[in-house]
Each structure stands twice: as C-alpha cells, then as structure tokens.
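>
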Amino acid sequence: MAATMPKAHKIRLNPTPEQEAYLRRACGTRRFCFNWGLAEWKKQYAQYQEGKRDKKPSAYELKKQFQASREQDYPWTLDVTKCVIEGAFDDLGDAFSRFFDGQNKYPKWKKKGKSRESFYIANDTFELGDHWIVVPVLGRFLMGKQEANGTLPKKIRNKNTYKRGLGKVNMAESLRFVVPDPHKKPGKPRNERKKVACSTVKILGATIGMDGGYWYVSIQVEVPAVSVVNTNPVVGVDVGIKESAVASNGKRFENQKPLTKHLEKLRRLQRDFSRKQYDPETKQGSKNREKLQVKIARLHGQIAHIREDAHHKLTTKIARTCSVVGLEDLHVKGLFKNRKLARSLADAGMGQLLRFFETKMQAVGGRTIFVDRFFPSTKTCSQCGHVKKRMPLKYRTYCCRKCGWVIDRDGNAALNLEREARRILREVLHVPVPDTGLGRT
Ligand SMILES: [Zn+2]
10 MAATMPKAHK IRLNPTPEQE AYLRRACGTR RFCFNWGLAE WKKQYAQYQE
60 GKRDKKPSAY ELKKQFQASR EQDYPWTLDV TKCVIEGAFD DLGDAFSRFF
110 DGQNKYPKWK KKGKSRESFY IANDTFELGD HWIVVPVLGR FLMGKQEANG
160 TLPKKIRNKN TYKRGLGKVN MAESLRFVVP DPHKKPGKPR NERKKVACST
210 VKILGATIGM DGGYWYVSIQ VEVPAVSVVN TNPVVGVDVG IKESAVASNG
260 KRFENQKPLT KHLEKLRRLQ RDFSRKQYDP ETKQGSKNRE KLQVKIARLH
310 GQIAHIREDA HHKLTTKIAR TCSVVGLEDL HVKGLFKNRK LARSLADAGM
360 GQLLRFFETK MQAVGGRTIF VDRFFPSTKT CSQCGHVKKR MPLKYRTYCC
410 RKCGWVIDRD GNAALNLERE ARRILREVLH VPVPDTGLGR T
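Okay, here's the thing in structure tokens:
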C-alpha cells in the first residue's frame with residue numbers, strides 16, 4: 010500500500026434558514042450527548058473509586074448505554090443523523106485520552122454559544138457534488154416539518170428524490186485535491202455517491218460547524234503522500250510580533266495585525282451590543298441584539314481569516330524553497346500571561362503559524378525543528394557567538410560588544426535558529442548537513 014497523508018478542506022456552506030435549523034439542532038444534540046457522557050463518566054468513575062463498580066468508564070461503553078436508553082429518554086435525538094451521537098462520544102473518548110496523556114486539561118462541559126458548535130458525519134452517509142453536499146437525515150427532517158405544517162406539495166413524483174433535494178446544501182467551492190479520474194466513464198449518473206471523489210482521493214469523513222458567524226464543512230480526505238528527496242536549504246525562522254516571520258535567508262514577512270486594524274469597529278459593535286435589551290430571567294434578547302451578535306461573530310471571523318490567509322501564504326512560500334525550518338519552540342500559552350503583550354500576541358497568532366509550518370513542511374517531505382525555548386536565539390551574536398546577558402524587547406538592533414557586529418534583532422535570531430537547527434540535525438538526528446558556522450551574513 011502506498012503511503013498516504015491526511016488532509017482537510019474547509020468549505021463555506023450556504024444553508025437555507027430551514028436547513029440551518031437542522032444544523033443547529035444537530036450541534037445541540039452533539040453538545041447534549043457530550044455533556045451526558047461527561048456527567049456519566051464522572052459519576053461512574055466516582056462509583057469505581059468507591060468500589061461499587063469493577064470497571065472504569067469508557068467512551069465506548071457510555072455510547073452503548075446511551076443508545077440503549079435513547080429512544081425512551083431522549084427521543085428528540087432521533088431527529089438528527091446517528092453520526093452526531095457517534096461523533097460526540099468519540100470526541101469524549103479523545104478528550105479523555107488527551108487528558109490521560111497529559112496533553113489537555115480535564116474535559117469541560119460544552120456550553121451553548123461558548124464552545125465551538127459542530128457535529129461529525131461519517132463518509133458513507135453524505136453525498137458530495139461539485140458545489141453541494143447532501144447532509145444525512147436533513148431531507149427527512151425538512152420533509153417531516155413540511156408534512157406537519159401542511160406545506161408539503163401534494164404531487165411528488167419520487168419521494169426519495171424530493172427528500173434528497175431538500176437535504177442538499179450549497180457549498181461555496183468544490184473540494185480541493187480532486188483531479189478528474191481518467192478511467193471514469195463519461196455519462197455516469199449525476200447523483201452518483203461521492204461524485205467528485207476519484208481513485209487518488211479517499212474521503213474519510215466531515216465535520217459541519219459554525220465559525221465566525223458562518224457555517225462550514227470541513228472534509229477530511231486521504232491523499233497519496235509525496236516521497237521526494239528534498240534538497241532545499243536549511244533555514245531559521247524567527248516568528249514575532251513586529252513582523253510575522255523573518256527568515257535567515259533574508260525573507261521578511263509583515264504582520265498585518267488585523268485585530269489592531271479592526272479594533273475600533275469591534276469595540277463600537279460591542280458597545281452597541283451591550284446597550285441592547287436583554288432579559289436575564291428568560292435569557293431572551295431583542296432582535297437587534299441577535300443581529301449584532303452575528304455581526305460581531307462575523308467580524309471576528311473576518312479578522313481570523315485575514316490572519317490565516319497571511320500565514321498560509323508565508324508558510325507555503327517557505328515550504329517551497331526550504332527543506333528544514335528551525336523555529337523557536339515558543340511557550341505560547343506562557344507568553345499570554347504577560348497581559349501587556351497578550352493582545353498583540355493574539356493578533357500575531359503565533360500558535361497557528363507554528364502549526365502551519367509543521368504540516369506544510371511535512372507535505373513537501375521536509376521537516377520542522379523546534380529549538381528549545383531556552384536557547385538564547387536573540388541574545389547570541391550570530392557573527393561571533395558572544396551571548397549577551399539581556400536583550401529587552403525594545404532593542405530592535407543587536408549590537409555586539411565583542412566583535413562590533415550590528416544586525417537587526419529578528420534577522421540575528423533567525424541566523425542563530427538556523428545554526429541551532431543544523432546542529433540538532435547533525436548531532437541529534439544524525440542527518441549530514443554542513444555546519445556553516447558563525448560569521449554568516
Ligand atoms: Zn559578536
């Protein structure tokens with residue numbers, strides 16, 4: 010079997026208001042199931058500790074228990090596709106295994122409006138076209154509604170076709186990675202299952218969710234892995250606030266600071282929002298309040314997209330020209346504790362940038378090397394190796410007291426990161442790379 014690589018494509022959805030009601034309900038069901046599972050887990054684990062149970066809880070067992078009592082206790086969960094429930098318990102299992110591995114904190118409750126709203130659909134339950142996706146059970150849900158309120162057309166030629174049509178949600182673009190299959194016979198029925206999937210791309214599943222005021226589907230696929238010998242140069246990249254990234258080969262990438270640019274608009278919206286009527290007892294707000302909430306979410310989404318776009322372009326550029334990227338393993342969460350820096354750090358979105366580097370380098374057969382965050386990349390002179398005691402953030406230029414070398418702060422750090430990455434390659438990973446040593450400009 011050839012090596013494969015997982016990839017995902019997030020596509021904006023344009024559901025009708027009726028379709029949106031179903032998507033919201035599916036998200037709600039997923040949230041409910043997750044929370045039900047978490048509550049049961051806590052309960053059963055306590056019983057296990059008291060000796061009343063001989064087994065620790067597991068997501069799989071909890072799912073079985075939920076399925077058994079679901080029809081009786083929670084019949085409304087039958088309105089949405091069963092994948093929602095499967096996905097919720099899988100997520101719960103993942104959350105606990107990440108907790109046991111020490112990667113995450115103890116799983117938290119999913120809160121309406123606070124947690125990311127999404128649900129999973131399995132690959133054999135949805136149908137994909139050029140610009141549409143048939144969401145499972147959505148057609149049945151809408152048809153039931155039409156039947157209930159009497160809007161169902163009297164004459165329906167084919168019930169299944171009609172149902173399928175109702176469940177078809179428009180996608181803003183078609184799935185990437187797909188190249189036309191030369192072996193496919195022309196003239197196959199248009200409604201062929203997973204029409205766009207070809208022999209080289211395998212669809213694994215999808216997640217539908219709300220993000221920044223819009224609905225999206227993220228389709229996970231498996232594509233053949235590239236196995237090329239990458240002989241491009243090694244580069245060190247200093248990621249920062251002033252500039253998004255400075256590479257040791259001289260390339261610099263501006264930080265567009267989308268949040269700072271939109272801050273005034275955002276604050277105005279939030280101020281208007283807080284002035285709108287809200288009844289804390291019924292938890293009901295005015296219509297205008299709801300509209301503003303969507304506006305705020307969309308602005309946040311827009312800001313995130315500007316940042317994401319810049320990061321994608323930057324990392325792609327570097328991944329195309331380099332084989333190894335040396336980066337500082339920033340303790341991003343720790344940095345956030347510095348409140349003065351927190352906003353500009355969030356605006357730089359450094360965690361995302363580091364993740365993009367990792368996946369993109371992997372995709373071109375290269376690698377990312379994370380240099381220990383205590384490595385003095387900014388304090389060291391890239392020319393003679395002298396290490397300064399202090400190098401406060403306000404100093405934008407590195408002036409070496411020992412050899413008189415003058416270089417800008419980030420460029421200096423990038424050169425040091427490149428040298429350290431080379432050292433790690435040679436000494437730790439035993440990859441033969443030349444030591445360019447000190448004194449490179
Ligand atoms: Zn020096």
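In my numbering, the protein residues as written are 10 to 450. All C-beta atoms, glycine included, are put in the ideal place defined by N, C-alpha and C.
(1) From the DSSP output, read off the bridge partner residues of PRO233.
(2) Distance check for THR377 and ALA430, CA to CA, integer angstroms please.
(3) Of the residues PRO443, TYR54, VAL210, GLN311, which one's Cα is nearest the Cα of LEU268?
(4) Where PRO24 and SER295 are concerned, what is the direct C-alpha to C-alpha distance, given to the nearest angstrom?
(5) Let me know if GLN58 comes out buried or exposed under the rule of 16 or more other beta-carbons within 10 Å of its beta-carbon.
(6) In angstroms with no decimal places, state the Cα-to-Cα distance between ARG307 and PHE135.
(7) Where the beta carbon is closer than 5 Å to any heavy atom of ligand 1, which residues qualify, in chain order?
(8) CA-CA distance, ARG149 and ALA215?
(9) Are ALA328 and VAL380 close, meaning C-beta to C-beta below 7 Å?
(10) Just how far apart, CA to CA, sit GLU201 and ASP139?
(11) Taking just the CA atoms, how far does SER386 sit from ILE433?
(12) When you compare the stretch 242-262 with the stretch 416-423, are there three or more beta-carbon pairs, one atom per stretch, that lie closer than 8 Å?
(13) Taking only three categories from DSSP, how would you classify ASP220?
(14) Using 8 Å as the threshold, is the stretch 14-28 in touch with the stretch 99-119, meaning 3 or more CB pairs across them?
(15) Which residues in the same chain have their Cβ closer than 7 Å to the Cβ of VAL303, if we skip the five residues on either side of it in sequence?
(16) VAL244 and CYS331 look like a contact to me (Cβ under 8 Å); what is the Cβ gap, rounded to whole Å?
(17) Since GLU231 and PRO15 are thought to touch, with beta carbons under 8 Å apart, how far apart are those beta carbons, to the nearest angstrom?
(18) Please state whether DSSP places GLN81 in a helix, a strand or coil.
(19) Who are ILE305's beta bridge partners in DSSP?
(20) To the nearest angstrom, how far is it from the Cα of LYS322 to the Cα of HIS18?
(21) Under a three-way DSSP split, which group does ASP318 fall into?
(22) Could you tell me the distance, in whole angstroms, from the CA atom of GLU70 to the CA atom of MET180?
(23) Are there three or more Cβ pairs, one per stretch, closer than 8 Å when the stretch 169-184 is compared with the stretch 50-69?
(24) Count the other C-beta atoms from every protein chain shown that fall within 10 angstroms of the C-beta of ASP82, then say buried if there are 16 or more, exposed otherwise.
(25) Can you look up LYS204 in the DSSP assignment and give me helix, strand or coil?
(26) What whole-angstrom Cβ distance do TRP118 and ASN44 have, given they're in contact under 8 Å?
(27) Leaving out five residues on either side along the sequence, give the residues of the same chain with a beta carbon under 8 Å from the beta carbon of ARG79.
(28) Near THR389, what residues of its chain come up, given a Cβ to Cβ distance below 6 Å and the 5 sequence neighbours on each side ignored?
(29) Taking the straight line between their C-alpha atoms, what separation do you get for PHE384 and GLU273?
(30) Count the other CB atoms, across all protein chains shown, that sit within 10 Å of the CB of GLY335; report buried if there are 16 or more and exposed otherwise.
(31) Does the distance from the CB of GLN155 to the CB of LEU161 come in under 7 Å?
(32) Taking the alpha-carbon of ASP288 as reference, which of ILE212, ARG298, ASP281, ARG280 has the nearest alpha-carbon?
(33) How is TRP141 classed by DSSP in three states: helix, strand or coil?
(34) Mark ASN167 as exposed unless 16 or more other C-beta atoms lie within 10 angstroms of its C-beta, in which case mark it buried.
(35) Given this structure, state the Cα-to-Cα distance separating ILE228 from GLY60, to the nearest angstrom.
On the basis of the coordinates in this document:
(1) For this step, residue 233 is matched to residue 224 along the sequence shown. Answer by DSSP bridge pairing, in chain order: THR13.
(2) Counted from its first residue, the sequence shown places residue 430 at position 421. Counted from its first residue, the sequence shown places residue 377 at position 368. In this model, ALA430 and THR377 are separated by some 9 Å (Cα to Cα).
(3) Within the sequence shown, the letter at position 259 stands for residue 268. The option with the nearest alpha carbon to LEU268 is GLN311.
(4) As a position in the sequence shown, residue 24 is number 15, starting the count at 1. As a position in the sequence shown, residue 295 is number 286, starting the count at 1. When rounded, the distance between both Cα atoms is 24 Å.
(5) Counting from one through the sequence shown, the residue named residue 58 turns up at place 49. Exposed: under 16 other Cβ atoms inside 10 Å.
(6) Position 298 of the sequence shown holds residue 307. Position 126 of the sequence shown holds residue 135. Computed Cα separation, rounded: 27 Å.
(7) Going along the chain, the residues that qualify are CYS390, GLN392, CYS393, HIS395, CYS409, LYS411, CYS412, TRP414.
(8) Against the sequence shown, residue 149 aligns to sequence position 140. Against the sequence shown, residue 215 aligns to sequence position 206. Note on geometry: alpha-carbon atoms of ARG149 and ALA215 lie some 20 Å from one another.
(9) Position 319 of the sequence shown holds residue 328. Position 371 of the sequence shown holds residue 380. Not in contact: ALA328 and VAL380 (Cβ atoms no closer than 7 Å).
(10) Your numbering for residue 201 matches position 192 in the sequence shown. Your numbering for residue 139 matches position 130 in the sequence shown. For GLU201, the predicted model reports a pLDDT of 45, less than 50, meaning its position is unreliable and no value from the coordinates is stated.
(11) As a first step, residue 433 must be located in the sequence shown, where it is residue number 424. As a first step, residue 386 must be located in the sequence shown, where it is residue number 377. Each residue's Cα considered, the two are about 14 Å apart.
(12) Output reads yes: the stretch 416-423 touches the stretch 242-262.
(13) On the sequence shown, position 211 is the one that residue 220 refers to. DSSP places ASP220 in strand when its eight states are reduced to three.
(14) As far as the Cβ criterion goes, the stretch 14-28 does not touch the stretch 99-119, which means the pair count is below three.
(15) The residue you call residue 303 lines up with position 294 of the sequence shown. Excluding sequence neighbours, VAL303 sits near GLY222.
(16) Numbered from 1 along the sequence shown, position 235 holds the residue referred to as residue 244. Numbered from 1 along the sequence shown, position 322 holds the residue referred to as residue 331. Indeed they touch by this definition, with Cβ atoms about 4 Å apart.
(17) Mapped onto the sequence shown, residue 231 falls at position 222. Mapped onto the sequence shown, residue 15 falls at position 6. Sure, about 6 Å apart at Cβ, within 8 Å.
(18) Taking the sequence shown and counting its residues from 1, the one referred to as residue 81 is at position 72. In this structure, GLN81 counts as helix in the three-state DSSP scheme.
(19) Counted from its first residue, the sequence shown places residue 305 at position 296. For ILE305, no pairing in a beta bridge is given by DSSP.
(20) Within the sequence shown, residue 322 is the residue found at index 313, counting from 1. Within the sequence shown, residue 18 is the residue found at index 9, counting from 1. The straight-line gap from Cα to Cα measures roughly 16 Å.
(21) Within the sequence shown, numbered from 1, the residue matching residue 318 stands at position 309. Helix.
(22) As a first step, residue 70 is located in the sequence shown; it is residue number 61 there, counting from the start. As a first step, residue 180 is located in the sequence shown; it is residue number 171 there, counting from the start. Here the C-alpha atom of GLU70 lies approximately 36 Å from the C-alpha atom of MET180.
(23) Not touching, per the Cβ criterion.
(24) Numbered from its first residue, the sequence shown carries residue 82 at position 73. Looking at its Cβ environment, which holds fewer than 16 other Cβ atoms inside 10 Å, ASP82 is exposed.
(25) Reading the sequence shown from its first residue, position 195 is the one you call residue 204. Note that LYS204 scores 46 on pLDDT, short of 50, meaning its location in the model is unreliable; the coordinates nonetheless yield the value given after this. Look at LYS204 here: in three-state DSSP terms it is coil, with no helix or strand label.
(26) Here the question's residue 118 lines up with position 109 in the sequence shown. Here the question's residue 44 lines up with position 35 in the sequence shown. That belief holds up - the Cβ atoms of TRP118 and ASN44 are roughly 6 Å apart, short of 8 Å.
(27) Residue numbering aside, residue 79 sits at position 70 when the sequence shown is read from its first letter. The residues are THR86, LEU87, ILE94.
(28) Position 380 of the sequence shown holds residue 389. Cβ neighbours of THR389 beyond the five flanking positions: VAL396, ASN425.
(29) As a first step, residue 384 must be located in the sequence shown, where it is residue number 375. As a first step, residue 273 must be located in the sequence shown, where it is residue number 264. About 38 Å.
(30) Against the sequence shown, residue 335 aligns to sequence position 326. So GLY335 ends up on the buried side.
(31) The count along the sequence shown starts at 1 and reaches residue 155 at position 146. The count along the sequence shown starts at 1 and reaches residue 161 at position 152. Contact: yes.
(32) Taking the sequence shown and counting its residues from 1, one reaches residue 288 at position 279. That would be ARG298, whose Cα lies nearest to the Cα of ASP288.
(33) On the sequence shown, residue 141 is found 132 positions in, with the first residue counted as 1. In this structure, TRP141 counts as strand in the three-state DSSP scheme.
(34) Counted from its first residue, the sequence shown places residue 167 at position 158. It is exposed - the Cβ of ASN167 has fewer than 16 other Cβ atoms within 10 Å.
(35) As a working mapping, residue 228 is identified with position 219 in the sequence shown. As a working mapping, residue 60 is identified with position 51 in the sequence shown. Their backbone Cα atoms lie some 44 Å apart in a straight line.
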